[in-house]
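Quick note on the numbering used here: the sequence shown kicks off at 432 and runs consecutively.
Virtual Cβ for every residue (Gly too), placed ideally from N, Cα, C.
One structure below.
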Amino acid sequence: MIAADLAADDAFRERFRSESRIAVSLRHPNVVPIHHAGEEDGLLFVTMDLIDGPDLRRMLIANGALPADRAVAIVSQVASALDVAHSRGLVHRDIKPGNVLVETGRDDHAYLTDFGLAKRFDQATEAGALTRTGAFVGTLDYVAPEQIRGGRVDARTDVYALGCVMYEAICGRAPFADREENVAKIYAHLQDEPPWLPGESDGPLDEVIARALAKEPRDRYPSAGDLARAAAAALEGDEVLRSAERSVATGKAAPETGEPAIPPIEDTAESVAEPGGGGAGQPPGEPPATEPMTAPEPEPSEAMTAPATPIPDTPAPPAATAEATSPQAAGPPRSGSSGPRWGRIAAVLALLAAAAVAAVLVLGGGEETTTYAQPKVVGEPIPLEGMPVGIAVGEGTVGVATRTGQTISLFEEKTGKPSGEPVSLPAKGEDVTFTDGAFWASVPPAKAVVTAKPSGSGREEIDIGGAGYGIAPDDGTVWVAQPGERRLASIDTSDTSVSSIPVEASDEPAQLAAGDGVIWVVDRGTGQVFRIDPNNPGEAQGFPTGANPKGVAVSADGSVWVANTDGGTVVRLDGSGEQTGQADVGGDPRLMAYGFGRVWVANGDGSVDAINPGDNSVQTVEVEGSPEDVAIGTSEVWVTTGTGSSVVRIDPGAAE
């Protein structure tokens, strides 16, 4: 049965009637057969085969990320089904792991379900409005930019979603799953590049996904089968000729000739999309059905002949290979190509505001707690002698400050391999951060901060006039806590000039977090955290936290989290300083970071805890040594193990 709220929507009912006729006629090994679709007593219904197996979403929750070859094999079958649907003029609109059923007893035979019945974005009949029906379906993890912008959808919209599914199958989470707020997730689909695949994944496969997730439909693969073939070739180290690609879509699934792939955003409020996603020159939908539609018995002559990726037990045609455009060259660049179009910022913000309202209407105001799969260590620890302590990630590079090693050691974020020569420090390093294109490391014995670019070049030693420990950036400034001087040093990142502000209310300002013009400073001497306005430091407010506080972090909702080293707890305060919760964590909690929707705590007892702000629940990951610090990377959490002489990567676990 179709949900009552959808069945009551006239536009949805008309599309159901017209598209169900096509969906019922589809016969393909990777499409769940639909036998009947119709209406009775005002209710819309379909009958289809029962598949004995889980959907891909449940597989990923139960087993975690799949090996790349297995993920590509499943996605290739889905692509085959999509090519057939697109060749019949049907756009699925709701490709996601939950709509991919897998018969694990049949060598992962995959079926795509919900053809023609999927909910979607619609542009309303009134210009610029978003309809409530299907405005945001489930999560926003697979929605293409043109859907968000109210543009015309076609086969390439499904290609975008399939690219998201491929990424999730390989990584265990969707490309932008770390964006906790719906508006942030929408913005990521509109503007951000997908993060690199973690671990040992091949670079060419990264580029395949990057092209599938191109912001402009015309920059994506023209068909789902082309995406699947490119992914399979990337795993084999081959390249697919771009000249061999072709669109198999017809009718409303085909690109509209002579029209921009995505309408200019400033025109969004003035152009009205047809409910079916079609435009001028598209064939009208078939007349509404008055009787339930029954699938015909399949005849050999009805077999679909549109080019598609074969299922695993069918020999695949050899991919055309040559010195042609590689997936990397064909796909969008990782940087510089998809940044904000500054002349359209106001329109983007207006669109996001409207989308946020729609998201609240459909998703219900965010009261439900998001749950996450169990985080787990990825690969082997990366050896690093010299007592690794502080850690930060920026521009594809991981920087680690070592105490006895007296360096900032650099690693490639994607591979974990060393990246160039370490940056020398004048004495024992302590904390490190990344901002404005450079790493910044505190060196307490030298009363200095050392900065260098991710390449290791541009090293500069900055005298801050006293021992500095905790370090944090905020809007062109690097702040450094100086407990001996009871002050905070301030470094202007544009010219490395130094100034300071007093923190007279604090006995021992050791660690800090900064953002939105406010600095939160942990005072180990008094067991408090201070809220400081840099423009009025004399009015600092202190709030009790617990025994021997050390780490501090601020989450996306503005909550402040403080780790009490002696108490084995992390307390939560709201922006005004009122304590609103507490989480029991591992022994000797130290530094913290917020990312992937959770607060990550390095515990000296050899563990890392992930605290869910939704309910303060804790997930624990055992590592090694005595974890000192954590940093949030593109797709992983990075941990220094101190006495363990290593750096560890953690898969944060996908939202469920």
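Q) Secondary structure at Y591, three-state DSSP: helix, strand or coil? A) Looking up residue 591 in the sequence shown gives position 160. Y591 falls in the helix class under three-state DSSP.
Note to self: What would DSSP say about V1016, mapped onto helix, strand or coil?
What the structure shows: Taking the first residue of the sequence shown as 1, we reach residue 1016 at position 585. V1016 falls in the coil class under three-state DSSP.
*CA-CA distance, F865 and A832?*
One-based indexing of the sequence shown puts residue 865 at position 434. One-based indexing of the sequence shown puts residue 832 at position 401. C-alpha separation (whole angstroms): 12 Å.
Cβ pair G860, V874 closer than 8 Å:
By one-based count along the sequence shown, residue 860 stands at place 429. By one-based count along the sequence shown, residue 874 stands at place 443. Contact: yes.
- Message: On the criterion of 16 or more Cβ atoms from any shown chain inside 10 Å, does E670 qualify as buried, or is it exposed?
- Response: Position 239 of the sequence shown holds residue 670. Looking at its Cβ environment, which holds 16 or more other Cβ atoms inside 10 Å, E670 is buried.
Buried or exposed, going by whether 16 or more other CB atoms sit within 10 Å of the CB of K848?
On the sequence shown, residue 848 is found 417 positions in, with the first residue counted as 1. Per the 10 Å Cβ criterion, exposed.
| C-alpha distance - D545 paired with H523, whole-angstrom precision | For this step, residue 545 is matched to residue 114 along the sequence shown. For this step, residue 523 is matched to residue 92 along the sequence shown. Cα to Cα, the separation comes out at about 8 Å.
Beta-carbon within less than 6 Å of G1084's beta-carbon, same chain only, minus the 5 sequence neighbours each way: which residues are those? Residue 1084 sits at position 653 when you count from the first residue of the sequence shown. If the five residues before and after G1084 are omitted, its C-beta is found closer than 6 Å to the C-beta atoms of Y803, A804, Q805, P806, all from its own chain and listed in chain order.
Subject >> Cβ distance (whole Å) where P686 is taken to contact D585 below 8 Å >> reply: By 1-based counting over the sequence shown, the position of residue 686 is 255. By 1-based counting over the sequence shown, the position of residue 585 is 154. The pair is a contact, with the Cβ atoms about 6 Å apart (cut-off 8 Å).
Original post:
So G907 and S925 are in contact, right, with Cβ under 8 Å, and what is the actual spacing, rounded?
Top reply: Translated into positions along the sequence shown, residue 907 becomes position 476. Translated into positions along the sequence shown, residue 925 becomes position 494. Their Cβ separation, rounded to whole angstroms, is 6 Å, which keeps G907 and S925 in contact under 8 Å.
**Item:** Rounded C-alpha distance that separates S1007 from P975
**Value:** What you label residue 1007 is simply residue 576 of the sequence shown in a count that begins at 1. What you label residue 975 is simply residue 544 of the sequence shown in a count that begins at 1. C-alpha separation (whole angstroms): 13 Å.
Would you kindly work out how many angstroms separate the C-alpha atoms of T846 and P968, rounded to a whole number?
Residue mapping note: residue 846 aligns to position 415 of the sequence shown, counting from 1. Residue mapping note: residue 968 aligns to position 537 of the sequence shown, counting from 1. Roughly 43 Å between the two C-alpha positions.
- Task: Drop a sphere of 10 angstroms on the beta-carbon of L474, count the other beta-carbons inside from all chains shown, and report buried for 16 or more, exposed for fewer.
- Result: Taking the sequence shown and counting its residues from 1, the one referred to as residue 474 is at position 43. Exposed, by the Cβ-count rule.
Q | Range covered by the beta strand (DSSP E) that runs through D397 | A | This structure cannot speak to residue 397, because the chain is shown only from 432 to 1087.
- Report the rounded CA-to-CA distance for Q508 versus D657, giving the unit in angstroms. Within the sequence shown, numbered from 1, the residue matching residue 508 stands at position 77. Within the sequence shown, numbered from 1, the residue matching residue 657 stands at position 226. Going by the C-alpha atoms only, they are around 12 Å apart.
Exercise for the section: Assign M1023 to one of three DSSP states: helix, strand, or coil. Expected result: Position 592 of the sequence shown, counted from the first residue, corresponds to residue 1023. In the three-state DSSP reduction, M1023 falls in the strand class (E or B).
>> I'd like to know whether the C-beta atoms of E1059 and G1037 end up nearer to each other than 8 Å.
In response: Position 628 of the sequence shown, counting from 1, holds the residue named residue 1059. Position 606 of the sequence shown, counting from 1, holds the residue named residue 1037. Cβ atoms of E1059 and G1037: not closer than 8 Å.
(request) Drop a sphere of 10 angstroms on the beta-carbon of V1070, count the other beta-carbons inside from all chains shown, and report buried for 16 or more, exposed for fewer. (result) Taking the sequence shown and counting its residues from 1, one reaches residue 1070 at position 639. Label assigned to V1070: buried.
**Message:** Whether or not the segment 575 to 590 and the segment 609 to 626 are in contact is what I'm after, with contact meaning three or more pairs of Cβ atoms, one per stretch, closer than 8 Å; do they touch?
**Reply:** In short, these stretches touch, since the Cβ pair count reaches three.
Review point. What are the boundary residues of the alpha helix (DSSP H) that includes K616?
Key: Position 185 of the sequence shown holds residue 616. From DSSP, the alpha helix (DSSP H) with K616 extends over 613 to 622.
| field | Unbroken beta strand (DSSP E) run spanning Q959, endpoints | value | Counting from one through the sequence shown, the residue named residue 959 turns up at place 528. Start and end: 959 to 963.
With distances taken from CA atoms, which of E1053, A987, N494 is nearest A945? Here residue 945 is taken as the residue at index 514 of the sequence shown, counted from 1. With distances taken between Cα atoms, A945 lies closest to A987.
**Report entry** Candidates G899, G1035, P1044, of which the one nearest V1061 by Cα
**Finding:** Against the sequence shown, residue 1061 aligns to sequence position 630. Taking only the C-alpha atoms, the option nearest V1061 is G1035.
Worksheet entry | Beta-bridge pairing of S1048 - partner residues as DSSP gives them | Stepping through the sequence shown from its first residue, residue 1048 is reached at position 617. In DSSP, S1048 forms a bridge with N1043.
Thinking C-beta only, is V991 closer than 8 Å to L1004?
-> To locate residue 1004, count along the sequence shown from 1; it is residue 573. To locate residue 991, count along the sequence shown from 1; it is residue 560. Contact flag set, yes.
Extent of the continuous beta strand (DSSP E) to which S937 belongs: As a first step, residue 937 must be located in the sequence shown, where it is residue number 506. Element bounds for S937: n/a, residue is neither H nor E.
query: Around the C-beta of S674, are 16 or more other C-beta atoms found within 10 angstroms, so that it is buried, or is it exposed?
result: Residue numbering aside, residue 674 sits at position 243 when the sequence shown is read from its first letter. Residue burial is scored here from C-beta neighbours: S674 has fewer than 16 other C-beta atoms within 10 angstroms and is therefore classed as exposed.
- request: Work out the CA separation of Q1013 and M735 for me, nearest whole Å.
  value: Counted from its first residue, the sequence shown places residue 735 at position 304. Counted from its first residue, the sequence shown places residue 1013 at position 582. A caution first: M735 carries a pLDDT of 30, below 50, which makes its placement in the model unreliable, though a value can still be read off. Taking the straight line joining both Cα atoms gives about 59 Å.
### Task
If I'm right that V983 touches W951 with Cβ under 8 Å, what's the distance once you round it to whole angstroms?
By 1-based counting over the sequence shown, the position of residue 983 is 552. By 1-based counting over the sequence shown, the position of residue 951 is 520. A Cβ-Cβ separation of about 5 Å places V983 in contact with W951 under the 8 Å criterion.
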